[in-house]
Each structure stands twice: as C-alpha cells, then as structure tokens.
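>
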Amino acid sequence: MQHSDTVVEPRLHWLFRAIGVIERAGNKLPHPFWLFWILSAILGVLSLTLAALDVSATLPNSGEVVAVKNLLSLNGLAFAASSALDNFAGFPPLTIIIVVLLGVSVAEKSGFLTALLRMTVIRLPKRLITFATAFAAMTAHVMSDTAYLVMIPLGALAFRAAGRSPVLGVMVAYVSTAVGFNASPLVTPGDGIRTGLTTAAAQIVDPHYVVTPVALYFFSAVSSVFLAMIITLVVETLLAKRPDVNDDVSHSDDAEQQQLTLSPTERRALRYSGLVFALFVALVITLMAIPGSPLLGKGGGIVNSVVVKNISVFLSLLFAGVGLTYGRLTGSLPTLSDLPAAMIDGIRQIAPVIVLFFAVSQFLAYFEWSGIGSLITVGGADLLQSVEAPHWVILLLIVLAISILNMVITSGSAAWSILAPVLIPMMMYIQMPPELAMVGFQIGDSVTNPVSPMNAYFVMALGFVQQYRKNAGIGTLMSFTVPIALAILVAWTAFFMLWYALGIPLGPGVHIR
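Residues 5 to 517 (our numbering) are what the sequence shown spells out, left to right.
1. Please classify residue 192: does DSSP put it in a helix, a strand, or coil?
2. Along the chain, which unbroken stretches of the alpha helix (DSSP H) at least 4 residues long are found entirely within the stretch 455–484?
3. With DSSP as the reference, label residue 310 as helix, strand or coil.
4. I'd like the span of the beta strand (DSSP E) that includes residue 69, first residue to last.
5. Going by Cα to Cα distance, which pick from 103, 338, 220 is closest to residue 439?
6. Among 174, 60, 147, which one has its Cα closest to the Cα of residue 160?
7. If you run the structure through DSSP and keep just helix, strand and coil, what is residue 384?
8. Output the distance between the C-alpha atoms of residue 121 and residue 176, rounded to the nearest integer angstrom.
9. How long is the line joining the alpha carbons of residue 351 and residue 332, rounded to whole angstroms?
10. Quickly, what does DSSP pair residue 514 with across the bridge? List them, please.
11. Please go through the same chain and pick out, in chain order, the residues whose beta-carbon is closer than 6 Å to the beta-carbon of residue 192, but skip the five residues on each side of it.
12. So the candidates are 102, 315, 490, 517; which of them puts its Cα closest to the Cα of residue 503?
13. With residue 219 as the anchor, note down where its beta strand (DSSP E) starts and where it stops.
14. DSSP puts residue 62 in a beta bridge; with which residues?
15. Out of 300, 182, 381, which one is the CA nearest neighbour of residue 288?
16. Using the Cα positions of residue 271 and residue 142, report the straight-line distance between them to the nearest angstrom.
17. Using alpha carbons as the reference points, say which of 53, 183, 87 lies closest to residue 489.
18. Tell me, to the nearest whole angstrom, how far the beta carbon of residue 452 is from that of residue 469; I am working on the premise that it is less than 8 Å.
19. Rounded to whole angstroms, how far is the Cβ of residue 208 from the Cβ of residue 372, which I believe are closer than 8 Å?
20. Would you mind stating whether residue 236 and residue 138 have Cβ atoms separated by less than 8 Å?
21. Apart from the five residues just before and just after residue 429, which ones in its own chain have a Cβ nearer than 6 Å to its Cβ?
22. Please specify which runs of the alpha helix (DSSP H), each continuous and at least 4 residues long, are wholly inside the stretch 167–212, giving them in chain order.
23. From the DSSP output, in three-state form, read off residue 155 for me.
24. Apart from the five residues just before and just after residue 230, which ones in its own chain have a Cβ nearer than 7 Å to its Cβ?
25. Which first and last residues belong to the alpha helix (DSSP H) in which residue 79 is found?
26. Should residue 506 go down as buried or exposed, given a rule of 16 or more other Cβ atoms within 10 Å for buried?
27. Could you check what DSSP says for residue 505 in three-state terms: helix, strand or coil?
28. Just to confirm, is the Cβ distance from residue 463 to residue 486 under 8 Å?
29. In three-state DSSP terms, what is residue 497?
30. Measuring CA to CA, which of 213, 418, 320 is closest to residue 285?
31. Taking its Cβ as the centre, do 16 or more other Cβ atoms sit within 10 Å of residue 164, making it buried, or is it exposed?
32. Rounded to a whole number of angstroms, what is the C-alpha to C-alpha distance between residue 119 and residue 355?
33. Okay, do the stretch 74–81 and the stretch 95–113 touch, 3+ Cβ pairs below 8 Å being the bar?
34. Can you give the Cα-Cα distance for residue 217 and residue 195, rounded to whole angstroms?
35. Terminal residues of the continuous alpha helix (DSSP H) containing residue 438?
36. Please state the DSSP three-state secondary structure of residue 164.
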C-alpha cells in the first residue's frame, strides 16, 4: 500500500493541485438558491442599463423586435410580484419530478429497487461482476442520489463475495453511479427535471414545444450498456492489474453473504412484482390499441399520445404498483396506510430541490420578461452562424465546457437551469433541436462527477474505501477514478458523435437533425 502512495499519487500531483484550486473556488460560491437570486439582481442592473440605451433584438423566426425592459422599474417590480406564484406553479420540472417520485418512493421504500439491484449483481457469473455492478449502478439512477447510498456498499460486498478487492468494488460502484448518472435503461426522476427545464427554455422560442421525459430514452438506454462496457474494460485491463489492488482481498463472512443473497420471500415478491409490471404494460398497450382510443394522439400517433406526453403519470403508477406488490408480500409495506407514508418520505428527500426550483422559476421568468434572454440568444446564434462552425463542433464544445463547469457547480439541475435559457434558444435559432443540447449537457455533467471534490458523495466513497484500506486518502480515490472518467469522456463523446453522424433518433419521435 505504501508502494501505491509513493508511485501512483505523485504521477497525478499536477491534477491534485488543479483540483485543489477548483475546490477552493467552488467552496466560495453561494448556495444555488442564493446564486439564482444574485443572478436575478445582476439581471436587474443589466436590464436597467440596456433599457436606458434602447437596446433591442430581432427574433429570427418571427421578425419580432424585442426591446430590453427594465426589471427594476415599477412595471418590472409589478411583474415580479404578480407573477411569482404562477412562475412557480407553472414551472414544468416541478410537477413532473413530484409525480414521478410519488411512485418511485413506494418502490424504493418497499425494498423493491434494492432487491432488483442485488439480483442484477448476484445473477451474473463472478467473471462478469464488474459489468454487473456497473450496469446495476446505471439502473440505480431511478433512485436519484439514493443510488450512491445503495450501490457503494453493494459494490464492496459483491466484489468481496467474488473473492476480489472490496476497494475495487467501491470504486466501480461509485464511479459507475457518478459518471453515468444521466444514462439509464429506465426513465428516472432526473430525466423529468432536465426535460422540464429544457421545455421551459424551448418555449422561449416556440411556446408549443414540449420535451417529454422519454425524449432521450433510446440514447440513454443504449449509453447505459455502453458505459458499463467501457468501465469494465478500463477496470479489468488497467485498474485490476495495479500491484496494490489485491492488498485488501479477504473472504466475506456469512453475514455479508446474507446481505447479497435474496431470501425465498424476496424472490417470490420479485416474481409477482414482475408480473404486475408486465400486466400494467400490457394493459396500457391494449388500451392504446383500441381503434380511436383517446390515449392516442392526433391521427392515431404514439409519439404525441397521452401516454408519451404524460409518461410521468404512467411511470408513477407503474412504480407504485410494483412497489406495493413487493412491500405487501415481504411485509415492508404491510398495509395500504403505509403507502402515503412512503410517498411523503420520498417527497421529503427532494425538499431542497423544490426550494431551489422556486428561485430558478423566478429567475427564468425575469430573464424572459426583460428581453435579455432574446438579446443573448439572438446574438449568440448570429455569432455561431458567422463562424459557420459545423453542428458537431458546437456539440463537442458544449460537452467540454460543461464538463469543466461541473467541477465547480456539481448540481446538475442548478447548472442546467442557468445554461438552458441561453443554450436552447440559441441552438433552435440555428436549426438544431434542443434535445441535442440536452445530450451534450448530460455527457459533460456526468463525466467529471467522480473526480470533483465538490461532489458530496466523493467523501462518502472515500470513507468506504478507508474501511478496507486505513491509510487511503484523496489521492488513492483519484488514482482510481481519474482514468475511468477520462476514458468515459472520450468514449461517450465519440459515441455521441457517431450516433449523430448516423442520424439515429434520440427517443420516440425525436429526430437528431
């Protein structure tokens, strides 16, 4: 272990110094809630100056001239006061995230999601333990940040049970959860937040544009498998061959084995939950197959159907159904009265997000009303058109810029709340669909998560590593996470470029160009 401390860490000394600078700078930033009010104040001063200069912008699509309005005028203050409730109540991500979590909370509280992840890990052969852990982490994103709390100890137990280093298991679980946080074979609450923010930004240009939570499903689902494969490749060809990686290998005891093994009751509950899942999906498909079904969209379309446009409602019902079934059979939710309690507990966990959304919704409303949003996006679009940069170059720059920004602002919802109102309209003005910007953001927002000291779960992962390797430090954790993060940045970006070149749809009805 001393060998690792003296050889591996100095090689990354320059990186640790750079990260230290970033950490100190990030620590000086205010809480995201106050950050948006500070931005609102700056917006007010900027609108006062630009309005006094009679600055305006001409919208490319309609030819409408938008003059900058003074947010600090009496009219501006009247708008801020009279629209505050509507801004918050009509904020697209708010209702989506709450509705989805009502169902996901039941599935999580019942133990269904954890049991599903344990089954994913233990069902595959031990030689596939790295891929199984990585892919389970991709699936775990449906639990939002709780995925870290479940996957990190599960990864250590799974690797130890397979006779491999528990430290390596912690690393695989942590990195897979962090670096692929925006890629999952399931639709997650995070999808609802990002698409809601994207919808709000897109409607600055087109009031009727809607981005559904399944807009990127094809790309995200395939990416989850791809990322699990890349992580497996890096771990097995590089990290698993480190001279110190087997220093902490020991056999798991009976208690640890019991934590991984599903009991007969749990296996039975999972089977019945799977049956409920299949019946629910079959019922929805049957109802949509009825000629003239009101669940279909205009002309019998599926993409614009009630199911796709309101997928959050159906997902909530689905998760609640399988969670309730599992909970009743295992005793974790013995009565129907436990159902509201599970939902309340889930909503309680996102209280900080709801508080943040209040500040975000007001800032976005001010941004649009003042006309500064139009000024910036039209100017940015003109600049992009003047340099005639290919769309793939713009996408690449988005990925790289956001991956750097994510080192300081690790809250994905906060970062996208700031960027979306500028980036989305700008791209729409140069004939690029807003979903493309969302993909670029998701990649950039994910890849630097495991190496950012601003990530709250960075310290938690280090704590689990120190349970098996007492003298482990930040350098130890970084020497494992940096190679995977860099590999994912290159591989996932290249994968996105290939997807774009082939013109494959990002999701149902979402054409890439």
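For glycine and all other residues, C-beta sits at the position ideal for the given N, C-alpha and C.
Concretely, from the data shown:
1. Here residue 192 refers to the residue found at position 188 of the sequence shown. Here residue 192 sits in coil by DSSP.
2. 460–472
3. In the sequence shown, residue 310 corresponds to position 306, counting from 1. Three-state DSSP puts residue 310 in a helix.
4. The residue you call residue 69 lines up with position 65 of the sequence shown. Element bounds for residue 69: 69–71.
5. On the sequence shown, residue 439 is found 435 positions in, with the first residue counted as 1. Answer by Cα proximity: 220.
6. Here residue 160 refers to the residue found at position 156 of the sequence shown. Comparing Cα positions, the closest option is 174.
7. Here the question's residue 384 lines up with position 380 in the sequence shown. Helix at residue 384.
8. As a working note, residue 121 is residue 117 in the sequence shown. As a working note, residue 176 is residue 172 in the sequence shown. Using only the alpha carbons, I get a separation of about 15 Å.
9. For the purposes of this step, residue 351 is identified with residue 347 of the sequence shown, where counting begins at 1. For the purposes of this step, residue 332 is identified with residue 328 of the sequence shown, where counting begins at 1. Computed Cα separation, rounded: 21 Å.
10. Residue numbering aside, residue 514 sits at position 510 when the sequence shown is read from its first letter. Answer by DSSP bridge pairing, in chain order: 511.
11. In the sequence shown, residue 192 corresponds to position 188, counting from 1. Here the set comprises 145, 146.
12. Against the sequence shown, residue 503 aligns to sequence position 499. The residue with the shortest Cα to Cα distance from residue 503 is 517.
13. The residue labelled residue 219 in the question sits at position 215 within the sequence shown. It is not in any beta strand (DSSP E) - residue 219 carries neither H nor E in the DSSP assignment.
14. Within the sequence shown, the letter at position 58 stands for residue 62. The partner list for residue 62 (beta bridge, DSSP) reads 69.
15. What you label residue 288 is simply residue 284 of the sequence shown in a count that begins at 1. Nearest of 300, 182, 381 to residue 288, Cα basis: 300.
16. Start at 1 with the first residue of the sequence shown, and residue 271 comes out as number 267. Start at 1 with the first residue of the sequence shown, and residue 142 comes out as number 138. Cα to Cα, residue 271 sits roughly 22 Å from residue 142.
17. Position 485 of the sequence shown holds residue 489. Of 53, 183, 87, the residue nearest in Cα terms is 183.
18. Position 448 of the sequence shown, counted from the first residue, corresponds to residue 452. Position 465 of the sequence shown, counted from the first residue, corresponds to residue 469. The distance from the Cβ of residue 452 to that of residue 469 is about 19 Å, inconsistent with a contact at the 8 Å cut-off.
19. Residue numbering aside, residue 208 sits at position 204 when the sequence shown is read from its first letter. Residue numbering aside, residue 372 sits at position 368 when the sequence shown is read from its first letter. That belief holds up - the Cβ atoms of residue 208 and residue 372 are roughly 6 Å apart, short of 8 Å.
20. In the sequence shown, counting from the first residue as 1, residue 236 sits at position 232. In the sequence shown, counting from the first residue as 1, residue 138 sits at position 134. Contact flag set, yes.
21. Residue numbering aside, residue 429 sits at position 425 when the sequence shown is read from its first letter. Within the same chain, residue 429 has close Cβ partners 208, 209, 381.
22. 170–183, 193–206
23. Position 151 of the sequence shown, counted from the start, is the residue given in the question as residue 155. Helix, per DSSP.
24. Residue 230 sits at position 226 when you count from the first residue of the sequence shown. Only 499 meet the Cβ criterion.
25. In the sequence shown, the residue the question calls residue 79 occupies position 75. Per DSSP, the continuous alpha helix (DSSP H) segment holding residue 79 begins and ends at 78–93.
26. In the sequence shown, the residue the question calls residue 506 occupies position 502. Counting Cβ neighbours within 10 Å, residue 506 comes out exposed, since fewer than 16 surround it.
27. Counting from 1 along the sequence shown, the entry for residue 505 is found at position 501. Three-state result, residue 505: helix.
28. Here residue 463 refers to the residue found at position 459 of the sequence shown. Here residue 486 refers to the residue found at position 482 of the sequence shown. Their beta carbons are not under 8 Å apart, which means residue 463 does not touch residue 486 by this criterion.
29. Here the question's residue 497 lines up with position 493 in the sequence shown. If DSSP states are grouped into helix, strand and coil, residue 497 belongs with the helices.
30. Counted from its first residue, the sequence shown places residue 285 at position 281. Cα-wise, what sits closest to residue 285 is 320.
31. Along the sequence shown, one-based indexing puts residue 164 at 160. With 16 or more other Cβ atoms within 10 Å, it is buried.
32. Translated into positions along the sequence shown, residue 119 becomes position 115. Translated into positions along the sequence shown, residue 355 becomes position 351. C-alpha of residue 119 to C-alpha of residue 355: approximately 26 Å in a straight line.
33. No: fewer than three Cβ pairs fall under 8 Å.
34. Translated into the one-based positions of the sequence shown, residue 217 becomes position 213. Translated into the one-based positions of the sequence shown, residue 195 becomes position 191. C-alpha separation (whole angstroms): 5 Å.
35. Indexing the sequence shown from 1 puts residue 438 at position 434. Residues 438–451.
36. As a working note, residue 164 is residue 160 in the sequence shown. The answer is helix: DSSP assigns residue 164 an H, G or I state.
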